[in-house]
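Adding 39 to a residue's 1-based position in the sequence shown gives its number in the working numbering.
Here's the structure we're looking at; comments come further down.
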Amino acid sequence: MNFLNKMERKFGRYAIHNLTKYMIGCYIIGYILLYGGSLFHISFTQYLSLSPYHIVHGQIWRLVSWLLIPPPSSNLIFVLIMLMFYYSLGETLERTWGAFRYNVYILGGVLFTVIGAFILYFIAGGSPITSLYYSGAFSTYYINLSIFLAFAVSYPDMQVLFMMIIPMKMKWLAVLDVAYLLYDMVNGSWGIRTVIIASLLNFIIYFLATRNYQRISPKEIHRKQQFQKAVHPKMAPGTTKHKCAVCGRTEEDGDNLEFRFCSKCNGNYEYCQDHLFTHKHIQ
Numbered sequence: 040m041n042f043l044n045k046m047e048r049k050f051g052r053y054a055i056h057n058l059t060k061y062m063i064g065c066y067i068i069g070y071i072l073l074y075g076g077s078l079f080h081i082s083f084t085q086y087l088s089l090s091p092y093h094i095v096h097g098q099i100w101r102l103v104s105w106l107l108i109p110p111p112s113s114n115l116i117f118v119l120i121m122l123m124f125y126y127s128l129g130e131t132l133e134r135t136w137g138a139f140r141y142n143v144y145i146l147g148g149v150l151f152t153v154i155g156a157f158i159l160y161f162i163a164g165g166s167p168i169t170s171l172y173y174s175g176a177f178s179t180y181y182i183n184l185s186i187f188l189a190f191a192v193s194y195p196d197m198q199v200l201f202m203m204i205i206p207m208k209m210k211w212l213a214v215l216d217v218a219y220l221l222y223d224m225v226n227g228s229w230g231i232r233t234v235i236i237a238s239l240l241n242f243i244i245y246f247l248a249t250r251n252y253q254r255i256s257p258k259e260i261h262r263k264q265q266f267q268k269a270v271h272p273k274m275a276p277g278t279t280k281h282k283c284a285v286c287g288r289t290e291e292d293g294d295n296l297e298f299r300f301c302s303k304c305n306g307n308y309e310y311c312q313d314h315l316f317t318h319k320h321i322q
């Protein structure tokens with residue numbers, strides 16, 4: 040945490056704001072190339088893929104051009120729903136973490152994927168055939184899944200409509216996501232395994248680096264308990280400290296509920312995690 044704070048103070052002004060919009064823009068370009076290539080029977084993606092062999096032989100643009108390769112899909116409606124879904128997740132995470140930390144998370148996943156591709160390339164013997172074979176697995180698909188995992192950790196009790204029908208909490212969808220990743224790890228190629236490890240490594244390193252474990256030590260817990268007793272006298276029965284201005288829920292309605300004040304509302308209005316980013320601002 041201290042390292043990221045120092046980095047943010049020093050380089051925070053260089054952070055890319057609204058990074059998710061640029062990611063969506065890359066996907067749109069990628070889908071145009073994908074569908075355009077299928078019409079003219081040209082595979083544009085073979086010139087964009089993350090192939091270490093071609094990179095070390097002068098095709099340096101492949102270090103970034105692979106970001107244009109979108110998850111394959113022949114259903115336009117599914118593509119639009121997926122883009123809107125990940126746009127919503129990314130924008131919410133950027134507002135929650137700040138642009139710099141969100142940049143570190145996404146670009147860290149990109150960097151780990153590139154490093155993993157080169158490690159796999161050299162382990163496989165540096166062959167152009169194996170390089171092209173594994174390069175098809177390297178896309179931002181699993182980085183997107185790591186965005187989903189990060190969102191689920193940040194908002195575990197937020198409900199979404201799974202398959203646009205079934206209401207489920209994010210933490211249970213995250214369990215399904217992890218099970219899917221493990222399935223791909225077991226049955227996928229080494230290219231897929233490498234990109235999964237890269238995305239999960241980014242997820243693990245980021246959350247380990249941003250968690251302050253001192254706050255859960257017995258000494259710190261005892262100190263906080265003594266401080267709360269000294270500062271906040273025992274409230275009368277039935278009195279609550281938090282209440283959502285939209286749904287009226289309080290901390291007594293669930294141990295995992297989180298409440299935040301909205302800085303854009305005119306007044307001291309508090310909202311639960313389900314309505315913090317979806318309510319209508321009061322002016």
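We put the beta carbon where it would ideally sit given N, CA and C, even for glycine.
Just so we're clear, the structure is a prediction, and the values are computed from it rather than from any experiment.
With respect to the beta strand (DSSP E) encompassing residue i, which residues constitute its N-terminal and C-terminal limits?
i, result
"Met207", "205-208"
"Tyr310", "309-311"
If you follow the alpha helix (DSSP H) that residue i is part of, which residue opens it and which one closes it?
i, result
"Tyr70", "58-79"
"Ile94", "91-95"
Among the options, which one has its Cα closest to the Cα of residue i?
i, options, result
"Leu296", "Lys280, Gly306, Asn305, Cys304", "Lys280"
"Tyr144", "Pro110, Cys301, Ile243, Gly287", "Ile243"
"Cys65", "Leu221, Met46, Pro110", "Pro110"
"Tyr160", "Tyr74, Ser90, Leu184", "Ser90"
"Leu102", "Pro206, Asn183, Ser174", "Ser174"
"Gly306", "Phe298, Ile321, Asp313", "Ile321"
"Asp223", "Leu184, Ile154, Ile204, Leu72", "Leu184"
"Gly148", "Pro167, Thr179, Leu87, His80", "Thr179"
"Tyr154", "Met207, Ala237, Leu115, His56", "Residue identity differs from the one stated: residue 154 is Ile in this sequence, not Tyr. Considering only alpha carbons, the answer is Ala237."
"Thr152", "His96, Pro167, Phe177, Lys303", "Phe177"
"Thr233", "Phe79, Ala163, Leu73, Leu72", "Ala163"
"Tyr219", "Tyr181, Ile204, Gln198", "Tyr181"
"Asp294", "Pro195, His318, Ile63", "Pro195"
"Ser104", "Ser127, Glu47, Met62", "Met62"
"Phe187", "Phe42, His318, Asn241", "Asn241"
"Val95", "Phe157, Phe246, Val199, Ala191", "Phe157"
"Gly69", "His56, Leu58, Gln85, Asn57", "Gln85"
"Ile67", "Tyr126, Ile81, Lys45, Trp100", "Tyr126"
"Val192", "Val225, Leu132, Tyr308", "Leu132"
"Ser88", "Gln98, His80, Phe79", "Gln98"
"Ile168", "Met209, Ile205, Lys303, His93", "His93"
"Phe300", "Val225, His318, Asp292", "His318"
"Lys60", "Ser77, Leu128, Trp100, Arg288", "Leu128"
"Phe42", "Thr289, Tyr245, Cys304", "Tyr245"
"Ile108", "Ile116, Leu115, Phe83, Phe117", "Phe83"
For residue i, write down the residues that DSSP places opposite it in a beta bridge.
i, result
"Arg288", "None, per the DSSP bridge assignment."
"Arg299", "Tyr310"
"Lys282", "Thr289"
"Gln85", "Paired residues: none, contrary to the question."
"Gln198", "Lys208"
At least one CB of chain B closer than 8 Å to the CB of residue i: is that the case?
i, result
"Ile67", "The displayed structure is made up of one protein chain only, and chain B is not part of it."
Ignoring anything shorter than 3 residues or poking outside the stretch 102-179, list the beta strand (DSSP E) runs there in chain order.
Along the stretch 102-179, the beta strand (DSSP E) does not occur as any fully enclosed run of 3 or more residues.
Determine contact between the stretch 133-153 and the stretch 202-222, defined as no fewer than three beta-carbon pairs at a distance below 8 Å.
Touching, no.
Between the stretch 125-140 and the stretch 224-231, do three or more beta carbon pairs fall short of 8 Å?
As far as the Cβ criterion goes, the stretch 125-140 does not touch the stretch 224-231, which means the pair count is below three.
Would the stretch 51-58 count as touching the stretch 115-125 if we require 3 or more Cβ pairs under 8 Å?
Below 8 Å, too few C-beta pairs join the stretch 51-58 and the stretch 115-125 to call them touching: fewer than three.
The stretch 308-322 touching the stretch 280-295, judged by at least three CB pairs closer than 8 Å:
They touch, by the three-pair rule.
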